[in-house]
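Student: Under our numbering, the sequence shown has 225 at position 225, and the numbering climbs by one with no breaks. Before I ask anything, let me first share the structure, which is written out below as structure tokens.
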Amino acid sequence: MSTHLNDGSLTPLYQQLMEEIKVGILNNEYVPGEKILSEMELSELYHVSRITVRRAIEELCTEGYLVKQQGKGTFVNPRKMSRKIEQIGDVMGFSEACRACGMVPGAKVLTVQRCPVRADEKRFFSLDSEENVLYLQRVRTADGEPIMIENSFFPYNAFKSLNPNELNDASLFKYLKNTFGRTPTSTSQTTLEIVRASTELATYLDIITGDPLFYMNAYFLDQNKEPLLIGRQYIVGSRFVFNF
């Protein structure tokens, strides 16, 4: 078996090779944990130099699709989670997004606290300065691998009956619908930035302190366009991809 890349294309050969391998991973031609062909084998298969192959592999490792193991070769990383940044009328919770990617969702409650309201929470929920918010923190996993720290904030008086014991390995959005009759239907505002993992976050997410994380801050409205919750999530950059 052999194949050729397009020498006449404006797209560099290493990027073409990246796409070939990436498509193979996304189409399950390569499965998580599988060892890919060696640099020499890929060079012969695609009729390109080993320098081209090496750069493609390095870029795919940086993007989290592949991982090198010293003395063993290069292997396919577990599949990435995917979700939209802005969600209007089609809000998909973590559990639903996980299943859509063919993965098994998981959740572990870390803490539930009553906290003083902060400025943005006061504005969004229309709370008085002396009122509180309910803070729920969970670790979310896909196929048992930690993906993100999920921090959710609710107006305390409306959600003080929230039962954390029902939120281990459960969908938050489904729980809110079944218990409070409220369903997230859109995000009024969402911001996304890159931060570095603190020691605490790294411990929970099984990564190295200083590794890059997505930090997403989203304000969710319910089916009546009323403020429902604020989500502040720390997401492992190599295990997640956002789309528009």
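The beta carbon of each residue, even a glycine, is placed where N, CA and C say it ideally should be.
Under three-state DSSP, which class holds residue 172?
Tutor: Indexing the sequence shown from 1 puts residue 172 at position 172. Helix, per DSSP.
Student: Give the straight-line distance between the Cα atoms of residue 246 and residue 77, rounded to the nearest whole angstrom.
Tutor: As displayed, the chain neither begins before 1 nor continues past 244, which places residue 246 out of reach and without an answer.
Student: Do you know how far the Cα of residue 138 is from the Cα of residue 167?
Tutor: Here residue 167 refers to the residue found at position 167 when the sequence shown is read from its first residue. Here residue 138 refers to the residue found at position 138 when the sequence shown is read from its first residue. Those two C-alpha atoms are separated by around 9 Å.
Student: Rounded to whole angstroms, what's the CA-CA distance from residue 31 to residue 69? Just pull it up for me.
Tutor: Along the sequence shown, one-based indexing puts residue 31 at 31. Along the sequence shown, one-based indexing puts residue 69 at 69. Going from the Cα of residue 31 to the Cα of residue 69 covers about 16 Å.
Student: Tell whether a beta-carbon distance below 9 Å holds between residue 199 and residue 218.
Tutor: Start at 1 with the first residue of the sequence shown, and residue 199 comes out as number 199. Start at 1 with the first residue of the sequence shown, and residue 218 comes out as number 218. It is not a contact, given that the beta carbons lie outside the stated cut-off.
Student: Drop a sphere of 10 angstroms on the beta-carbon of residue 121, count the other beta-carbons inside from all chains shown, and report buried for 16 or more, exposed for fewer.
Tutor: On the sequence shown, position 121 is the one that residue 121 refers to. With 16 or more other Cβ atoms within 10 Å, it is buried.
Student: May I have the straight-line CA-CA distance separating residue 56 from residue 195, to the nearest angstrom?
Tutor: The sequence position of residue 56 within the sequence shown is 56, counting from 1. The sequence position of residue 195 within the sequence shown is 195, counting from 1. Spanning the two alpha carbons is a distance of roughly 26 Å.
Student: Can residue 91 and residue 203 be called in contact, C-beta distance under 9 Å?
Tutor: Taking the sequence shown and counting its residues from 1, one reaches residue 91 at position 91. Taking the sequence shown and counting its residues from 1, one reaches residue 203 at position 203. No, the pair does not count as a contact, with Cβ atoms beyond the cut-off.
Student: What's the call for residue 7, buried or exposed, on a 16-neighbour Cβ count within 10 Å?
Tutor: Looking up residue 7 in the sequence shown gives position 7. Flag for residue 7 reads exposed.
Student: Check whether the Cβ atoms of residue 287 and residue 230 lie closer than 9 Å to each other.
Tutor: What is shown of the chain runs 1 to 244, which leaves residue 287 out entirely.
Student: Would you mind stating whether residue 175 and residue 193 have Cβ atoms separated by less than 9 Å?
Tutor: Along the sequence shown, one-based indexing puts residue 175 at 175. Along the sequence shown, one-based indexing puts residue 193 at 193. Contact flag unset, no.
Student: Across the stretch 122-141 and the stretch 94-111, are there enough close Cβ pairs to call them in contact, namely three or more that are closer than 8 Å?
Tutor: Touching, per the Cβ criterion.
Student: Quickly, what does DSSP pair residue 155 with across the bridge? List them, please.
Tutor: Numbered from its first residue, the sequence shown carries residue 155 at position 155. Looking at the DSSP assignment, residue 155 forms a beta bridge with 133.
Student: Can you grab the Cα-Cα spacing for the pair residue 49 / residue 143, in whole Å?
Tutor: To locate residue 49, count along the sequence shown from 1; it is residue 49. To locate residue 143, count along the sequence shown from 1; it is residue 143. Cα to Cα, residue 49 sits roughly 37 Å from residue 143.
Student: Ordered along the chain, which non-local residues of its own chain (more than five positions away) have a Cβ less than 8 Å from that of residue 18?
Tutor: The residue given as residue 18 occupies position 18 in the sequence shown. Within the same chain, residue 18 has close Cβ partners 56, 59, 60.
Student: Taking 9 Å as the threshold (C-beta atoms), are residue 42 and residue 53 in contact?
Tutor: Residue mapping note: residue 53 aligns to position 53 of the sequence shown, counting from 1. Residue mapping note: residue 42 aligns to position 42 of the sequence shown, counting from 1. Their beta carbons are under 9 Å apart, which means residue 53 touches residue 42 by this criterion.
Student: Considering only residues of the same chain and omitting the five flanking positions on each side of residue 223, which have a CB-CB separation below 6 Å?
Tutor: Residue mapping note: residue 223 aligns to position 223 of the sequence shown, counting from 1. Only 183, 185 meet the Cβ criterion.
Student: So what does DSSP say about residue 216, is it helix, strand or coil?
Tutor: Within the sequence shown, numbered from 1, the residue matching residue 216 stands at position 216. In this structure, residue 216 counts as strand in the three-state DSSP scheme.
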